[in-house]
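Student: Numbering-wise, the numbering used here puts 351 at position 342 of the first sequence, and it's gapless, one number per residue.
Glycine included, each C-beta is placed from N, C-alpha and C at the ideal position.
These numbers were taken from a predicted model, which means no experiment stands behind them.
My questions all concern the structure below.
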Amino acid sequence: MEFKRHLVTAALPYANGPVHIGHLAGCYLPADIYVRYLRAQKRDVKFVCGSDEHGVPITIRAMKEGITPQDVVDKYNAIIRDSFADMGISFDIYSRTSNKTHHETAQAFFRKLYDNGVFEERESEQYYDAEKNTFLADRYIIGTCPVCSNENAYGDQCEKCGSTLSPEQLINPRSALSSAPLVKKKTKHWYFPLDKYEPWLKEWISEGKKDQWKPNVYGQCKSWLDSGLQPRAMTRDSNWGVPVPIEGADGKVLYVWFDAPIGYISATKELTTQWADYWCQEDTKLVHFIGKDNIVFHCIIFPSMLKAHGGFVLPDNVPANEFLNIEGQKVSTSRNWAVWVDEYLKDFPGQQDVLRYVLCANAPESKDNDFTWKDFQDRTNNELVSVFGNFVNRAFVLMHKLCGGRVPALHTDVMDDADRALIAEISNTKNSIEQCLENYRFRDGLFEVIDLARKANKYMQDKEPWIVAKAVAAEPEKQKLIDNCLHLCLQLTANLAILANPFLPHTAQKMCYMMKVVDRMLEWENAGRTDLLKVSYPLRAPELLFRKVEDAEVAAQVEKLHNNLKKATTPVMDNNTTPQQEAPATEAENPQYQPQKPEITIDDFMKIDLRVATIVKAQKVEKADKLLQLELDLGYETRTVLSGIAMHFKPEDIVGKQVTVVANLAPRKMRGIESKGMILMAQNADGGLVFAAPVVPADNGGEVR
RNA sequence: CGCGAGAUAGAGCAGCGGUAGCUCGUCGGGCUCAUAACCCGAAGGUCACAGGUUCGAUCCCUGUUCUCGCUACCA
Numbered sequence: 010m011e012f013k014r015h016l017v018t019a020a021l022p023y024a025n026g027p028v029h030i031g032h033l034a035g036c037y038l039p040a041d042i043y044v045r046y047l048r049a050q051k052r053d054v055k056f057v058c059g060s061d062e063h064g065v066p067i068t069i070r071a072m073k074e075g076i077t078p079q080d081v082v083d084k085y086n087a088i089i090r091d092s093f094a095d096m097g098i099s100f101d102i103y104s105r106t107s108n109k110t111h112h113e114t115a116q117a118f119f120r121k122l123y124d125n126g127v128f129e130e131r132e133s134e135q136y137y138d139a140e141k142n143t144f145l146a147d148r149y150i151i152g153t154c155p156v157c158s159n160e161n162a163y164g165d166q167c168e169k170c171g172s173t174l175s176p177e178q179l180i181n182p183r184s185a186l187s188s189a190p191l192v193k194k195k196t197k198h199w200y201f202p203l204d205k206y207e208p209w210l211k212e213w214i215s216e217g218k219k220d221q222w223k224p225n226v227y228g229q230c231k232s233w234l235d236s237g238l239q240p241r242a243m244t245r246d247s248n249w250g251v252p253v254p255i256e257g258a259d260g261k262v263l264y265v266w267f268d269a270p271i272g273y274i275s276a277t278k279e280l281t282t283q284w285a286d287y288w289c290q291e292d293t294k295l296v297h298f299i300g301k302d303n304i305v306f307h308c309i310i311f312p313s314m315l316k317a318h319g320g321f322v323l324p325d326n327v328p329a330n331e332f333l334n335i336e337g338q339k340v341s342t343s344r345n346w347a348v349w350v351d352e353y354l355k356d357f358p359g360q361q362d363v364l365r366y367v368l369c370a371n372a373p374e375s376k377d378n379d380f381t382w383k384d385f386q387d388r389t390n391n392e393l394v395s396v397f398g399n400f401v402n403r404a405f406v407l408m409h410k411l412c413g414g415r416v417p418a419l420h421t422d423v424m425d426d427a428d429r430a431l432i433a434e435i436s437n438t439k440n441s442i443e444q445c446l447e448n449y450r451f452r453d454g455l456f457e458v459i460d461l462a463r464k465a466n467k468y469m470q471d472k473e474p475w476i477v478a479k480a481v482a483a484e485p486e487k488q489k490l491i492d493n494c495l496h497l498c499l500q501l502t503a504n505l506a507i508l509a510n511p512f513l514p515h516t517a518q519k520m521c522y523m524m525k526v527v528d529r530m531l532e533w534e535n536a537g538r539t540d541l542l543k544v545s546y547p548l549r550a551p552e553l554l555f556r557k558v559e560d561a562e563v564a565a566q567v568e569k570l571h572n573n574l575k576k577a578t579t580p581v582m583d584n585n586t587t588p589q590q591e592a593p594a595t596e597a598e599n600p601q602y603q604p605q606k607p608e609i610t611i612d613d614f615m616k617i618d619l620r621v622a623t624i625v626k627a628q629k630v631e632k633a634d635k636l637l638q639l640e641l642d643l644g645y646e647t648r649t650v651l652s653g654i655a656m657h658f659k660p661e662d663i664v665g666k667q668v669t670v671v672a673n674l675a676p677r678k679m680r681g682i683e684s685k686g687m688i689l690m691a692q693n694a695d696g697g698l699v700f701a702a703p704v705v706p707a708d709n710g711g712e713v714r
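Here it is, written out as structure tokens:
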């Protein structure tokens, strides 16, 4: 089908914390790239999102901090909204589910289903906290696990033994919120009969979406459908949320997963009076960008709701990403193991596109991926800076040096195959990127952009205009070769701006400024043209598009991550301390000492094979300031170990000394020499090094434990 | 437990029946216009493991192991 309109949504972030880079990589960044691409094509597109501001965790948080739920969501809504705006996530509207339009829309939706007799009413008994006057979600009931006797098992699961539980199974259940004894109270809720929609869903998904949706998304849906759907309660006992709009429903609100996706509709309503065109016309392409944890809600529940209501379009695709881990560990907000976007923006001002680049290049499109600061540095320095940034810079610098600061002419009489191939490459790249983006393959699309710059670097290298320039004095007609090379490199730079624009919008803007062209040049249809910059048009002096990430910055970020983790795990999380009070304590650490590393088990430690060894030979490694090549006698063998201690010790002084060596460390090549192990050194505050070794001679090869 | 997704060079990913590819890193060389950059070349993989189907399997089938998810309002 030919779509006239596009409606793109990104998962509503939950307003009880800031956004981290996992959120960005998971859905906001891909959604933004997709939307920017569609806009550049002048297609009709609306991009909606907003804060999800209801639900129990927000009320809990408010209770703990002694403020109202509204205070909580106001605070985080502002932080989240600003982070997105600063990162260039270009929503047409960023709304929130606590506002009036949303309440009205969600209530009307519920009412329509209610009037149509869709819901089933059911009464059940649930645990109630009499002191806090609230029903308790399973998660907020604590008790002793019937399986492993852990006294702090949750009502839904025991984290110690992993058993799945229900609150009834807990021994001595108690409230997580107060010391009040639990009572059971009857409560009535309205259930959405998902089971009745199962046949329809099966047809819609199994037959219609099998090859269109990503394998993880399709597989997940199929799994749900095959195991059979159950009616699901769409209301909750709470005073924070959208009130259930029917008689006799006092103290009840809509289940957040009922209300949140309707937030997409409410946001569109706020955005435009034409909202119904986007939601109700068959030729609208609705796309939900989400993370994998949301698949069931967007592929099963929400479509069923829309179907039950009638009159709405259904999602054409739900390109869910997997998760992004940080430095090898799962993101955890409670342990504060995350890279927060607002903090990144403070630490790396003006470098939004660098993060956009890294997160897109390493996006968890097909499986969970790991974000490491080292990878952030490598990708930035070796790909963005060296390939893309450097090409643009050298094209500009050469143009100023060899062509008088103006766009040189293209002399068709001396064009060769390399020139023509480069021109063809621009169109090829444009087509490839279109293919990638239309199919939600953003990582590949971005690669194509960088690859074009890579090819352009090679083209320039082959043409060597700086060499040709030396011959111009003797053979003036050679200037034509230089002109052609730089003409094409500059036109290619203009194309790079267009092609990179969806991914790196701030960079594209900067390039437009340097080329002195208006934003309209960035329209997608201009890609592939080689007349974007007029001949003899003077261009500005180049500015560096990106800067390198320094080792110290990487180290600082890694340390920050670990410090935050320590702060969160330190048992000061008393109910009396609010997070605001804790925050300033961060800097109070003793600065001379490295923070202690995370706790390990004895098993972790026993994996390390420490041995006593004697240095039998030592020599400097050529072309390395710090490295010494050591031959160590371990009793049962002699091996080579490289150590970065050349600044501290002379080779001849340490021969014969005993050391402790990590014997089972994976071998690593440095300067072409394989190092098989590591010797232990103690470091003093002044940077001085001391061998960590037996105080009296011991047997070589002896285990250290 | 069951179900789903994933497991391919040091890292990140393609390939999905016919001699294993790309980017980065590593190593060697070249060049110098450019952010010590760029260009050329090389090394590096028993394609998680074990069976099976096939003339032939990384790719299909079966089983196993590991990771993540499906449960909790963390994308």
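Please look up how many angstroms separate the CB atoms of Y123 and I310, rounded, as I've assumed it's under 8 Å.
Tutor: With 8 Å as the limit, Y123 and I310 do not qualify as a contact, their Cβ atoms being about 17 Å apart.
Student: Please classify P270 as buried or exposed, where buried requires at least 16 neighbouring CB atoms within 10 angstroms.
Tutor: Result: buried.
Student: Nearest CA to the CA of N225: which residue from K472, T18 and A329?
Tutor: Of K472, T18 and A329, the residue nearest in Cα terms is A329.
Student: Does the beta-carbon of R549 have 16 or more other beta-carbons within 10 angstroms, so that it is buried, or is it exposed?
Tutor: When all chains shown are included, R549 counts as exposed.
Student: Near D235, which residues of its chain fall below 8 Å by C-beta distance, leaving aside the five closest residues on each side in sequence?
Tutor: Taken in chain order, the list of residues that qualify is empty.
Student: Evaluate the contact criterion for the segment 428-438 versus the segment 535-545: three or more CB pairs, one atom per stretch, below 8 Å.
Tutor: Output reads yes: the segment 535-545 touches the segment 428-438.
Student: When we look at the beta-carbon of T586 and count the other beta-carbons within 10 Å, is it buried (16 or more) or exposed?
Tutor: With a pLDDT of 25 at T586, under the threshold of 50, the modelled position of that residue is not reliable, and the figure given next carries that caveat. By the neighbour-count rule (16 or more Cβ atoms within 10 Å), T586 is not buried but exposed.
Student: Which of the three DSSP states is assigned to S436 in this structure?
Tutor: S436: helix per DSSP, three-state reduction.
Student: Since I150 contacts P182 with CB under 8 Å, what's their CB separation in whole angstroms?
Tutor: With 8 Å as the limit, I150 and P182 qualify as a contact, their Cβ atoms being about 5 Å apart.
Student: Taking the beta carbon of Q239 as the centre, do at least 16 other beta carbons fall within 10 Å, making it buried, or is it exposed?
Tutor: Its Cβ having fewer than 16 others within 10 Å, Q239 is exposed.
Student: What does H409 pair with, by DSSP beta-bridge criteria?
Tutor: Note: H409 sits in no beta bridge, so no partner.
Student: From what residue to what residue does the alpha helix (DSSP H) around T110 run?
Tutor: Where T110 is concerned, the enclosing alpha helix (DSSP H) stretches over K109 to D124.
Student: What's the call for A418, buried or exposed, on a 16-neighbour Cβ count within 10 Å?
Tutor: Exposed is the call here.
Student: Does the distance from the C-beta atom of V668 to that of Q386 stay below 8 Å?
Tutor: Contact: no.
Student: Is K439 closer than 8 Å to L495 when the C-beta atoms are compared?
Tutor: Their beta carbons are not under 8 Å apart, which means L495 does not touch K439 by this criterion.
Student: Would the segment 55-72 and the segment 358-374 be scored as touching if the rule is three or more Cβ pairs under 8 Å?
Tutor: Result no; under three Cβ-Cβ pairs closer than 8 Å.
Student: CB-CB under 6 Å to M716, same chain, minus the five flanking residues each way: which ones, in chain order?
Tutor: Nothing about residue 716 can be read from this structure; the chain reaches only from 10 to 714.
Student: State buried or exposed for N25, treating a residue as buried only when at least 16 other CB atoms are found within 10 Å of its CB.
Tutor: N25 comes out buried.
Student: Got a sec? Which residues, its chain only, sit under 6 Å from Q605 by beta carbon, not counting five neighbours each side?
Tutor: In this prediction, Q605 has a pLDDT of 45, which is less than 50 and means its spatial position is unreliable; what the coordinates show is noted afterwards. Once the five neighbours on either side are set aside, Q605 has no close Cβ partner at all.
Student: May I ask you to report which of helix, strand or coil DSSP gives P5?
Tutor: The requested residue 5 is not part of the displayed model; the chain covers only 10 to 714.
Student: Assign Q470 to buried or exposed, taking buried as 16 or more other Cβ atoms, counted over all protein chains shown, within 10 Å of its Cβ.
Tutor: Q470 should be labelled exposed.
Student: Are the beta-carbon atoms of L368 and F555 separated by less than 8 Å?
Tutor: No, they are not a contact pair.
Student: Do you know how far the Cα of H420 is from the Cα of N86?
Tutor: Distance between the alpha carbons of N86 and H420: 57 Å.
Student: Does the Cβ of E457 have 16 or more other Cβ atoms within 10 Å, making it buried, or fewer, making it exposed?
Tutor: Result: buried.
Student: Judging by CA-CA distance, which residue of P39, S92, F144 and H32 is the nearest neighbour of I69?
Tutor: The shortest C-alpha separation from I69 is found at F144.
Student: Less than 8 Å between the beta carbons of I42 and F512, yes or no?
Tutor: Yes, the Cβ-Cβ distance between I42 and F512 is below 8 Å.
Student: Is K195 helix, strand or coil when you go by DSSP?
Tutor: Note: K195 maps to strand in three-state DSSP.
Student: Run through the DSSP bridge pairs and tell me what F724 is partnered with.
Tutor: Residue numbering for the chain in the displayed model covers 10 to 714; residue 724 lies beyond these limits and cannot be assessed.
Student: Applying the criterion that 16 or more other CB atoms from any shown protein chain within 10 Å of the CB defines a buried residue, is V625 buried or exposed?
Tutor: Exposed, since its Cβ has fewer than 16 Cβ neighbours within 10 Å.
Student: If we require 3 or more residues per run, which beta strand (DSSP E) segments fall completely within the segment 251-335?
Tutor: Whole beta strand (DSSP E) segments, 3+ residues: 261-263, 293-298 and 333-335.
Student: Taking only three categories from DSSP, how would you classify T6?
Tutor: With the chain covering only 10 through 714, there is no way to say anything about residue 6.
Student: Which class does R538 belong to by DSSP, given the choice of helix, strand or coil?
Tutor: Coil at R538, not helix or strand.
Student: Could you give the distance in angstroms between the alpha-carbon of L315 and the alpha-carbon of F321?
Tutor: Approximately 6 Å, taken between the alpha carbons.
Student: With distances taken between CB atoms, is the gap from T282 to K55 smaller than 8 Å?
Tutor: Taking 8 Å as the Cβ cut-off, T282 and K55 do not qualify as a contacting pair.
Student: Within 10 Å of its beta-carbon, does I180 have 16 or more other beta-carbons around it, so buried, or fewer, so exposed?
Tutor: So I180 ends up on the exposed side.
Student: Would you identify the three-state DSSP class for G35, choosing helix, strand or coil?
Tutor: In this structure, G35 counts as helix in the three-state DSSP scheme.
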